[in-house]
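J.: In UniProt numbering, the protein residues as written are 1 to 246.
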Amino acid sequence: MPLLEVTGLRASFGDTPVLRGISLSAEPGAVTVLIGPSGSGKTTFLRSLNALETPQSGVVRIGDTTVDYGAHPARRQLAALRAHSGMVFQAHHLFPHRTALENVIEGPVHAQHRPRADAEREARDLLARVGLADCGDRRPAELSGGQQQRVGIARALALHPELLLFDEPTSALDPETVGEVLQVMRDLAAEGWTMVVVTHEIAFAREVADQVAFLDGGVILEQGPPDRILTRPREVRTRQFLRRVL
Ligand code: ADP
Numbered sequence: 001m002p003l004l005e006v007t008g009l010r011a012s013f014g015d016t017p018v019l020r021g022i023s024l025s026a027e028p029g030a031v032t033v034l035i036g037p038s039g040s041g042k043t044t045f046l047r048s049l050n051a052l053e054t055p056q057s058g059v060v061r062i063g064d065t066t067v068d069y070g071a072h073p074a075r076r077q078l079a080a081l082r083a084h085s086g087m088v089f090q091a092h093h094l095f096p097h098r099t100a101l102e103n104v105i106e107g108p109v110h111a112q113h114r115p116r117a118d119a120e121r122e123a124r125d126l127l128a129r130v131g132l133a134d135c136g137d138r139r140p141a142e143l144s145g146g147q148q149q150r151v152g153i154a155r156a157l158a159l160h161p162e163l164l165l166f167d168e169p170t171s172a173l174d175p176e177t178v179g180e181v182l183q184v185m186r187d188l189a190a191e192g193w194t195m196v197v198v199t200h201e202i203a204f205a206r207e208v209a210d211q212v213a214f215l216d217g218g219v220i221l222e223q224g225p226p227d228r229i230l231t232r233p234r235e236v237r238t239r240q241f242l243r244r245v246l
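1) Please report the residue range of the alpha helix (DSSP H) in which A133 lies.
2) Within the present structure, is the beta-carbon of T199 separated from the nearest heavy atom of the ligand ADP by less than 7 Å?
3) Mind checking which residues open and close the beta strand (DSSP E) that includes residue 298?
4) Using DSSP's beta-bridge definition, name the partner residues of L34.
5) Just confirm the distance between the C-beta atoms of R139 and H97, as a whole number of angstroms; I'd bet it's less than 8 Å.
6) Check for me: the alpha helix (DSSP H) holding Q77 runs from which residue to which?
7) Using the Cβ count rule (16 or more neighbours within 10 Å means buried), how would you classify M195?
8) In the DSSP assignment, what are the bridge partners of L19?
9) Consider the C-beta atom of F13 and the heavy atoms of the ligand ADP; say whether any pair is separated by less than 7 Å.
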């Protein structure tokens, strides 16, 4: 059974439709990469998966939690959906006055009420896992952009999510630090994490994705295995987009 199932998601901002009926599912352990032009709805779609946006209609199921956006879901239902996923943003959103370790334990301690000593022990392990074993005491300003983004990944993992969501995680980085973040994501994929990734890194998609979906104008124009979508796209719009980004 898929871990993630999305059916008929529709969202608009004011009178402007942004998602026009998006359906997608992902098996446990699958990496789904969303590509598409700026403004096609990728971020809005991703944020709808954890109720950071609340679309007008459509159903999102992650694991055992289902939210029917059209049925005016209660706040606790939205919170239950949110608890299933960890989000990594384009800009890392770390607390600037807290150390890397303090940033990682913030969610577990304050939102999930886990014992601080346990959360700290786990946070040290997670920082080591993203290659930052010696950086726990540093504040974000003392870290490179790539290191900050890796702290952001450790922070998402600390919430014990079932699904990891990445919103253009490397697009704000200096070119020389993009690779280290992609490597952490590659490792997570190899470990079996279920991931939905919005990115323009087509080489990463080709190598790591199990499925690629091309969004255009608020719909998925085509989706399938990376080789099919990235090498032999059927739609003119997909071909035009790939010519621009490759
Ligand atoms: P993408 O991630 O593919 O660039 P987005 O989901 O960010 O696309 O945006 C899709 C469309 O929705 C764009 O036209 C954008 O201007 C609009 N939009 C996104 N967020 C908002 C918002 N909070 N208020 C109004 N319009 C928005």
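The C-beta atom is built at its ideal place from N, Cα and C for all residues, glycine as well.
T.: This is what the structure gives:
1) In the DSSP assignment, A133 falls outside any alpha helix (DSSP H), carrying neither H nor E.
2) T199: no, Cβ never under 7 Å from the ligand ADP.
3) Since the first residue shown for the chain is 1 and the last is 246, residue 298 is missing from the structure and cannot be characterised.
4) Per DSSP, V198 and A213.
5) Contact between R139 and H97 is confirmed by a C-beta separation of about 7 Å, below the 8 Å threshold.
6) For Q77, the enclosing alpha helix (DSSP H) starts and ends at R75 to R82.
7) By the neighbour-count rule (16 or more Cβ atoms within 10 Å), M195 is buried.
8) Bridge partners of L19: A11.
9) Yes; taking the cut-off as 7 Å, the Cβ of F13 has a heavy atom of the ligand ADP nearer than that.
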